[in-house]
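Participant: Below you'll find the structure I mean.
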Amino acid sequence: MRRAIFVRRCIVDWNTVLKPPTRGLLIVLSGPAGVGKDTLIEQWQLVAPNVRRLITYTTRPQTRMERHGLDYYFVTEEEFQQMIAQGAFLEYANVHGNWYGTPLHKMEELRNAGRDVVLRIDVQGAMQVREKFPEAVLIFVAPPSLEELERRLRKRGRDSEEAIQLRLENARREMEYIPKYDYVVVNDDINRALETLRCILIAERHRVRHRMETSVAESEARSA
Numbered sequence: 001m002r003r004a005i006f007v008r009r010c011i012v013d014w015n016t017v018l019k020p021p022t023r024g025l026l027i028v029l030s031g032p033a034g035v036g037k038d039t040l041i042e043q044w045q046l047v048a049p050n051v052r053r054l055i056t057y058t059t060r061p062q063t064r065m066e067r068h069g070l071d072y073y074f075v076t077e078e079e080f081q082q083m084i085a086q087g088a089f090l091e092y093a094n095v096h097g098n099w100y101g102t103p104l105h106k107m108e109e110l111r112n113a114g115r116d117v118v119l120r121i122d123v124q125g126a127m128q129v130r131e132k133f134p135e136a137v138l139i140f141v142a143p144p145s146l147e148e149l150e151r152r153l154r155k156r157g158r159d160s161e162e163a164i165q166l167r168l169e170n171a172r173r174e175m176e177y178i179p180k181y182d183y184v185v186v187n188d189d190i191n192r193a194l195e196t197l198r199c200i201l202i203a204e205r206h207r208v209r210h211r212m213e214t215s216v217a218e219s220e221a222r223s224a
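Be aware that the sequence shown starts at 1, since it is given in my numbering, and climbs by one per residue.
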């Protein structure tokens with residue numbers, strides 16, 4: 001089906017297909033709270049300088065340890081709703097009573113500059129991204145077990161007992177979405193997980209589909 005789409009849209013420039021792609025990948029990283037997504041992304045950016053995490057907007061209250069513009073863009077509910085009306089988000093979702101949204105213009109800017117963009121979003125947002133951008137690479141970060149996830153949640157000491165139980169219940173529901181993802185990375189060892197992410201990145205940048213899409217995008221840009 002996807003191959004047929006390319007044939008209808010334009011004549012493929014095979015010289016472009018055979019060259020390294022100039023347009024960056026769109027990567028979605030999801031997983032339960034406490035699984036280690038933030039640490040993975042921070043370390044991934046250190047070993048893969050081309051990877052850029054896209055900062056999301058949220059209506060959640062800012063904690064003392066968080067920095068506006070580095071961890072999240074913290075906005076009011078009114079500001080967030082205005083951005084929805086303006087079509088500013090690639091995806092948005094309400095999680096635990098707070099809104100989260102991914103800025104569309106910044107994602108396109110980074111990808112067009114050749115950066116591989118990583119979105120750290122929940123399963124709701126991931127499904128929205130897959131619908132709008134079928135070429136997106138969806139990666140689910142899973143704990144070795146739910147028992148280990150519970151241990152990590154308790155160790156960080158940030159949540160009440162009620163919140164921990166809610167997060168574990170949400171984790172069970174989120175893991176039901178794993179078959180809809182392209183890859184699953186079990187975060188039992190940070191170095192092993194990073195190596196898996198590195199291999200995924202290499203494989204995806206050599207995927208014919210990605211190179212074809214880059215060829216199409218460049219062809220359309222030249223004819224615009």
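Every residue, glycine too, gets a C-beta built ideally from N, C-alpha and C.
#1: Hey, Leu70 and Leu90 are a contact pair by Cβ (cut 8 Å); roughly how many whole angstroms apart?
#2: Taking the beta strand (DSSP E) that Ala142 belongs to, which residues open and close that run?
#3: At which residue ranges does the segment 21-74 contain complete alpha helix (DSSP H) runs of 4 or more residues, listed in the order of the chain?
#4: Where Ile202 and Thr196 are concerned, what is the direct C-alpha to C-alpha distance, given to the nearest angstrom?
#5: Considering only C-alpha positions, which residue in the set His68, Thr58, His96, Val95 is nearest to Met83?
#6: When DSSP labels each residue in this structure, what does Ala93 get in the three-state scheme?
#7: Count the other CB atoms within 10 Å of the CB of Val208; is the residue buried (16 or more) or exposed (fewer)?
#8: Report buried or exposed for His206, applying the criterion of at least 16 other Cβ atoms within 10 angstroms of its Cβ.
#9: Among all the DSSP beta bridges, which residues are the ones paired with Leu227?
#10: Determine the extent of the beta strand (DSSP E) in which Asn98 is found, giving its start and end residues.
#11: Going by beta carbon distance, what residues of the same chain come within less than 7 Å of Val229, once the five residues before and after it are set aside?
#12: Three or more beta-carbon pairs under 8 Å between the segment 73-80 and the segment 33-42, yes or no?
#13: Pull the bridge partners of Tyr183 from the DSSP assignment, please.
Facilitator: Once the coordinates are examined:
#1: Residue mapping note: residue 70 aligns to position 70 of the sequence shown, counting from 1. Residue mapping note: residue 90 aligns to position 90 of the sequence shown, counting from 1. Leu70 to Leu90, Cβ: 20 Å. No contact.
#2: Sequence index remark: in the sequence shown, residue 142 carries index 142 (1-based). Where Ala142 is concerned, the enclosing beta strand (DSSP E) stretches over 137-142.
#3: 37-47
#4: Taking the sequence shown and counting its residues from 1, one reaches residue 202 at position 202. Taking the sequence shown and counting its residues from 1, one reaches residue 196 at position 196. Cα-Cα distance, rounded: 10 Å.
#5: As a first step, residue 83 is located in the sequence shown; it is residue number 83 there, counting from the start. The shortest C-alpha separation from Met83 is found at Thr58.
#6: Looking up residue 93 in the sequence shown gives position 93. In the structure shown, Ala93 sits in a strand (DSSP, three-state: E or B).
#7: As a working mapping, residue 208 is identified with position 208 in the sequence shown. Exposed, because fewer than 16 other Cβ atoms sit within 10 Å of the Cβ of Val208.
#8: Taking the sequence shown and counting its residues from 1, the one referred to as residue 206 is at position 206. Burial call: exposed.
#9: Because the chain in this structure spans residues 1 to 224, residue 227 falls outside the shown range and cannot be described.
#10: Here residue 98 is taken as the residue at index 98 of the sequence shown, counted from 1. Unbroken beta strand (DSSP E) run through Asn98: 98-103.
#11: Any question about residue 229 goes unanswered here, given that the chain covers just 1 to 224.
#12: The segment 73-80 and the segment 33-42 do not touch, with fewer than 3 CB-CB distances between them shorter than 8 Å.
#13: To locate residue 183, count along the sequence shown from 1; it is residue 183. According to DSSP, Tyr183 bridges with Ile139.
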